[in-house]
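Number of protein chains: 2
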Amino acid sequence: MWITAKTDYATRAVLAMVLAGEGGHPMRLSEIAERTAVPPSYLEQIMSQLRGAGIVRSERGPAGGYRLNHPPQEITLERVVRVFQGQLAPIACATRSSPEPCPMDAACSLREVWQEVRDATIAILESVDFATLAERAGGAWVDPSLLAPAPPATG
Amino acid sequence: MWITAKTDYATRAVLAMVLAGEGGHPMRLSEIAERTAVPPSYLEQIMSQLRGAGIVRSERGPAGGYRLNHPPQEITLERVVRVFQGQLAPIACATRSSPEPCPMDAACSLREVWQEVRDATIAILESVDFATLAERAGGAWVDPSLLAPAPPATG
DNA sequence: TATAATCCCGATAATGTCACTAAGGATTAT
DNA sequence: ATAATCCTTAGTGACATTATCGGGATTATA
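Residue numbers (this note's numbering), protein chains in the order written: chain A, 10 to 164; chain B, 10 to 164.
Rendered as structure tokens:
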């Protein structure tokens, strides 16, 4: 239960945008909020962070809204999660970037295990992109470049 | 950073007890607190929970203290962690025992990923027991049954 | 029987994070 | 001008975490 609501909401928001497709007009915050079942006032902060992280961009004024800043295949789940969760290690002594020292010498055999958990977690999140997630969701979105010569198998 | 200090302390405490070996007398709380660098008053609560979970047992009175309730090989890290962390899924919709429903239909493709993370985490924690951890810590503890014919080293 | 060492238990408090609300400002198409 | 949209910051209540403290229960020993 370490994925916060904010992270959950953010990943849902990105997924909702992918599923909405790359239509002409951007997607309004109120529409994203509806489709993801996230409180709009809270989603505002989240979209702001996503924009700051370069994952989405925004357009203001009437008919404004949000667009993805990259094709869905290039947005990994890890990237979105990182924006909101910070360190993915389960414990402070096992982070990749700035591990805290163990106060107990022998505890470093435990640290190895925490590092294993960290690495497994990161590997999974890095292996999934939002094009894949949209497909699995039975999504409307299809990468046009993949439909070049032969039609892909159905189902 | 989802492993709480309590869980961290508990795993260190169990490791400390394994490293101390199965000497004649039980291990005092104050001694465990010293070796693990855990506040004694807080460790009291933790040992109480470990006892409630059947992982250690206690003896009262002078020369009292704590003993492991099982051989270290039989105590997995998962078992200790479970006592203090509850659900190991990263998000409420992905628990094994009582998953909450997704408020967003399409989000279930995300749920599959959270379940992958959950399963990988549990698999790692289940694969490690405290005998192994003690060995890796360069620990004093050795399983006597593995040293059948030759006499064990002194010290 | 008295003492002291140990475990046992419940109350409480400080701190911080989370999840959200609210209010007003900035931008821009019409 | 107006209205629709995004933008930013401040504030807040609920809750979990991380302890601390005081006294009670048990028991080996003198």
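We put the beta carbon where it would ideally sit given N, CA and C, even for glycine.
Discussion item. Just list the residues that DSSP pairs S67 (chain B) with in beta bridges.
Written reply: According to DSSP, residue pairing for S67 (chain B) in a beta bridge involves B:Y75.
Practice prompt. Could you give the DSSP three-state label for T104 (chain B): helix, strand or coil?
Written response: Correct three-state label for T104 (chain B): coil.
Discussion item. Does A132 (chain A) pass the burial test, meaning 16 or more other C-beta atoms within 10 Å, or should it be called exposed?
Written reply: For A132 (chain A), the number of other beta carbons within 10 angstroms of its own is below 16, and it is reported as exposed.
Fill in: Among B:I12, B:G74, B:G63, the one whose alpha carbon lies nearest that of E53 (chain B)
Among B:I12, B:G74, B:G63, the Cα nearest to that of E53 (chain B) is on B:G74.
Worksheet item: With DSSP run on the structure shown, which of helix, strand or coil describes M36 (chain B)?
Response: Strand at M36 (chain B).
Worksheet item: Among the residues of its own chain, which have a CB less than 8 Å from the CB of I41 (chain B), if the five just before and after it don't count?
Response: Cβ contact annotation for I41 (chain B) (same chain, cutoff 8 Å, sequence separation greater than five): A22, A25, M26, V47, L52, M56, Y75, in chain order.
Worksheet entry | Counterpart residues of D138 (chain A) in DSSP-defined beta bridges | Beta-bridge pairing links D138 (chain A) to A:T85.
Item to complete: Specify the secondary structure class of Q96 (chain A) as computed by DSSP and reduced to three states.
Response: Here Q96 (chain A) sits in coil by DSSP.
Worksheet item: Which class does G147 (chain A) belong to by DSSP, given the choice of helix, strand or coil?
Response: Secondary structure of G147 (chain A) (DSSP, three-state): coil.
Item to complete: Measure the beta-carbon distance from T104 (chain B) to L134 (chain B) and round it to whole angstroms, keeping in mind my assumption that it falls under 8 Å.
Response: A Cβ-Cβ distance of about 15 Å is found for the pair T104 (chain B) and L134 (chain B), leaving them out of contact under the 8 Å criterion.
Worksheet item: chain B partners of A29 (chain A), CB-CB under 7 Å?
Response: Ordered by position in chain B, no residue passes the 7 Å Cβ test against A29 (chain A), which lies about 11 Å from the chain.
Worksheet item: Residues in the stretch 138–149 of chain A with C-beta within 9 Å of chain B's C-beta atoms, listed in sequence order?
Response: From the stretch 138–149 of chain A, only T141, L142, A143, E144, R145, A146, G147, G148 have a Cβ closer than 9 Å to chain B.
Worksheet item: Mapping DSSP to helix, strand and coil, what is E109 (chain A)?
Response: DSSP, read as helix, strand or coil, puts E109 (chain A) in coil.
Item to complete: Consult DSSP for A62 (chain B) and reduce its assignment to one of helix, strand or coil.
Response: Three-state DSSP puts A62 (chain B) in coil, outside helix and strand.
Practice prompt. Please report the Cβ distance between Q94 (chain A) and T16 (chain A), rounded to the nearest whole angstrom; I am assuming they are in contact, meaning their Cβ atoms lie under 8 Å.
Written response: A Cβ-Cβ distance of about 5 Å is found for the pair Q94 (chain A) and T16 (chain A), placing them in contact under the 8 Å criterion.
Practice prompt. Could you have a look at T163 (chain B) and say whether DSSP puts it in helix, strand or coil?
Written response: In this prediction, T163 (chain B) has a pLDDT of 49, which is less than 50 and means its spatial position is unreliable; what the coordinates show is noted afterwards. Reduced to three states, the DSSP call for T163 (chain B) is coil.
Discussion item. Measuring only the C-alpha atoms, how far is Y18 (chain B) from E68 (chain A)?
Written reply: Those two C-alpha atoms are separated by around 49 Å.
Worksheet item: Going by C-alpha distance, which of A:V137, A:P108, A:P112 is nearest W123 (chain A)?
Response: Per the Cα distances, A:P108.
Fill in: CB contact check: G164 (chain B) to chain A, cutoff 8 Å
The predicted model places G164 (chain B) with a pLDDT of 42, which falls under 50 and marks its position as unreliable; any figure quoted below should be read in that light. Not flagged as an interface residue toward chain A: G164 (chain B), since no C-beta distance is shorter than 8 Å.
Worksheet item: I100 (chain B) touches chain A at which residues, Cβ-Cβ below 7 Å?
Response: Neighbours of I100 (chain B) in chain A, taken as residues at a C-beta separation under 7 Å, are given in chain order as M10, I12, D17.
Worksheet entry | Status (buried if at least 16 other CB within 10 Å, exposed otherwise) for P161 (chain B) | Residue placement at P161 (chain B) cannot be trusted, given a pLDDT of 45 that sits under 50; what the coordinates show is reported in the next sentence. Counting C-beta atoms within 10 angstroms of its own C-beta, P161 (chain B) has fewer than 16 neighbours from the protein chains shown and is therefore classed as exposed.
Practice prompt. Hey, could you find the ends of the alpha helix (DSSP H) A115 (chain B) is sitting in?
Written response: Neither: A115 (chain B) is in no alpha helix (DSSP H) and is coded neither H nor E.
Worksheet entry | Host alpha helix (DSSP H) of V27 (chain B) (start-end) | Element bounds for V27 (chain B): 14–29.
Fill in: Where W11 (chain A) sits in the DSSP three-state scheme
Reduced to three states, the DSSP call for W11 (chain A) is coil.
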